[in-house]
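Q: Those letters in the sequence shown? Residues 1 to 369, per the working numbering, in order.
Here a beta-carbon is modelled for each residue, glycine too, at the ideal position from N, C-alpha and C.
Bear in mind the structure is a predicted one, so any value in this text is a computation, not a measurement.
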Amino acid sequence: MSDVNLNEKTKVSSCPTCGGQMAFDPETGALKCGYCDSVKAIEMLKEAVVENPFVATLMDGVREWNDDDIALIQCKNCGAQIVFDPHTKAQFCNYCGSSHVSVITAEKTIAPGYVIPFKVTAKKAGEAFKTWIGKRWFAPNDLKTAYKNDKILGTYIPHWTFDTQTFNRYTAQRGDYYYVTKTRVVNGKTETYQERQTRWTNVSGNYERFFDDVLVIASKKVDNKILSQVDSFDLHELITYKPDYLAGFFAERYSIALEEGWGIGKRVIDNQLESDIKHRIGGDEVRMLKVATNYDDVTYKHILLPLWISSYLYKGTTYHFMVNGQNGTVKGTYPKSALKIALAILAVVAILVVAYVLISSNSGNVSTY
1 MSDVNLNEKT
11 KVSSCPTCGG
21 QMAFDPETGA
31 LKCGYCDSVK
41 AIEMLKEAVV
51 ENPFVATLMD
61 GVREWNDDDI
71 ALIQCKNCGA
81 QIVFDPHTKA
91 QFCNYCGSSH
101 VSVITAEKTI
111 APGYVIPFKV
121 TAKKAGEAFK
131 TWIGKRWFAP
141 NDLKTAYKND
151 KILGTYIPHW
161 TFDTQTFNRY
171 TAQRGDYYYV
181 TKTRVVNGKT
191 ETYQERQTRW
201 TNVSGNYERF
211 FDDVLVIASK
221 KVDNKILSQV
231 DSFDLHELIT
241 YKPDYLAGFF
251 AERYSIALEE
261 GWGIGKRVID
271 NQLESDIKHR
281 IGGDEVRMLK
291 VATNYDDVTY
301 KHILLPLWIS
311 SYLYKGTTYH
321 FMVNGQNGTV
331 KGTYPKSALK
341 IALAILAVVA
351 ILVVAYVLIS
361 SNSGNVSTY
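1) Return the bridge partner residues of H159 from the DSSP annotation.
2) Give me the residue from I116, L305, D270, I42 with the minimum Cα distance to E252.
3) Measuring CB atoms only, is the region 271 to 285 touching the region 254 to 263, in the sense that at least three cross pairs come out at less than 8 Å?
4) Just curious, the beta strand (DSSP E) that T438 is in, first and last residue?
5) Taking just the CA atoms, how far does V268 sit from A355?
6) For a test of the three-state rule: what should DSSP assign to S255, helix, strand or coil?
7) Based on DSSP bridge pairs, tell me the residues matched to V55.
8) Return the CA-CA distance between P26 and W132, expressed in angstroms with no decimal places.
9) For the beta strand (DSSP E) that contains K225, what are its first and last residues?
10) Taking C-alpha atoms, which residue in V286, E43, T161, R174 lies nearest to V49?
11) Flag this pair as yes or no: are the beta carbons of I309 and L153 separated by less than 8 Å?
12) To the nearest angstrom, how far is the alpha carbon of K76 from that of D296?
13) Which of the three DSSP states, helix, strand or coil, is assigned to K290?
14) Within its chain, find whatever has a CB closer than 8 Å to the CB of G265; leave out the 5 residues flanking it on each side and keep chain order.
15) Within the chosen definition, does the region 172 to 185 reach the region 240 to 247 through at least 3 CB pairs nearer than 8 Å?
16) Whole angstroms is fine: what's the gap from R80's alpha carbon to Y254's?
17) Which whole-angstrom value is the C-beta distance of I157 and E237, which I expect to be below 8 Å?
18) Checking 8 Å against the spacing of the C-beta atoms, do V307 and T155 come in under that value?
19) Could you check the C-alpha separation between R184 and H279 for me, to the nearest Å?
20) Does T166 pass the burial test, meaning 16 or more other C-beta atoms within 10 Å, or should it be called exposed?
21) Straight-line CA distance for F211 to Y300?
22) When we look at the beta-carbon of G205 and count the other beta-carbons within 10 Å, is it buried (16 or more) or exposed?
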């Protein structure tokens, strides 16, 4: 099935004026009818951000995302599972571009609690990519003029955030440099020099730190290398999730489960703690550092962050790019022109040759009085 389109109406996307289908409009932050341009405001839920207890969730096996206003497709090529508004057409996979997608039965999963809605439109995302690729000097000129954004898809990428209070006991050896004056014989002459040595001292102590909103990507399908470069979201703009924000867009169902996500989050926390404790110990070097950490009051949120995802084919090779749906940041991969690379190398060689000739010429003109 290459074109999935569920036609039953839902309370979210039906236009109150003409009955047509509405989609979330990033420019107005409201639902907009694709037929009569009517706008329907989304009721903003002014609720305090709730952090969910991690341990209790694992014990209770909470699985809640089973909303009547969403549907689910699965890509037969890469296996990605995409959540979407029932009226949104799914012609190809958001990640691999395959047209082999089919509707599947949605399983209950942890519902997203918060979302950052799209602020960048598809048109602006395409323009941002054209500007970005236009600044890539090594990109082929025909790519810069021929690209079309007919496959750019607005997709909410699932993330976990984790909070925890850590209590840490550490031991290590602190190294402080000092210098000793020594002598040596060089070409028959005795000279003195300073030799650097290290004085090692055993140290230990306690350290506490609270971690707030440690962000972990909950997707195994998205290109993490590219995403990490555009993943500069302002989490202060998180608002309570409503199906309205999904109208006309897609959301990947998380492929990194809560417990696995916490494992990734712990590694992020541990790396930061190691850096903090080394700074706290001071000295010029730190070795044999051992840290015993207690993670107390672990909480989490399941959030959706907006991303425009696209891929394009150039001379038989697929390239990917992403546009941050909140701020318009663009990152991606692109082909390099062999001709431009060769010209750049020749230019560098020419500059080096000219510099060598000038230096040689100046050296030959030096007079001795």
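A: Judging by the given coordinates:
1) According to DSSP, H159 bridges with I217, I303.
2) For E252, the closest alpha carbon among the candidates I116, L305, D270, I42 is that of L305.
3) The region 271 to 285 vs the region 254 to 263: no contact.
4) Nothing can be reported for residue 438, as the shown portion of the chain is limited to 1 through 369.
5) Going by the C-alpha atoms only, they are around 48 Å apart.
6) Coil.
7) Paired residues: none, contrary to the question.
8) Near 21 Å, if we compare the C-alpha coordinates of W132 and P26.
9) In the DSSP assignment, K225 falls outside any beta strand (DSSP E) and lies within the alpha helix (DSSP H) extending over 224 to 230.
10) For V49, the closest C-alpha among the options V286, E43, T161, R174 is that of T161.
11) Contact: yes.
12) Inter-residue distance for K76 and D296 is about 41 Å (C-alpha atoms, whole angstroms).
13) Three-state DSSP puts K290 in a strand.
14) Closer than 8 Å at Cβ, skipping near neighbours: W160, F162, V214, V216.
15) At 8 Å Cβ cutoff, the stretches do not touch.
16) Inspection of the sequence shows that residue 80 is occupied by Ala rather than by Arg. Near 9 Å, if we compare the C-alpha coordinates of Y254 and A80.
17) Rounded, the Cβ-Cβ distance is 15 Å, inconsistent with contact.
18) A quick correction: the sequence has Leu, not Val, at residue 307. Their beta carbons are under 8 Å apart, which means L307 touches T155 by this criterion.
19) When rounded, the distance between both Cα atoms is 37 Å.
20) That one is buried.
21) Between F211 and Y300, the C-alpha separation is close to 11 Å.
22) With fewer than 16 other CB atoms across the displayed protein chains lying within 10 angstroms of its CB, G205 is exposed.
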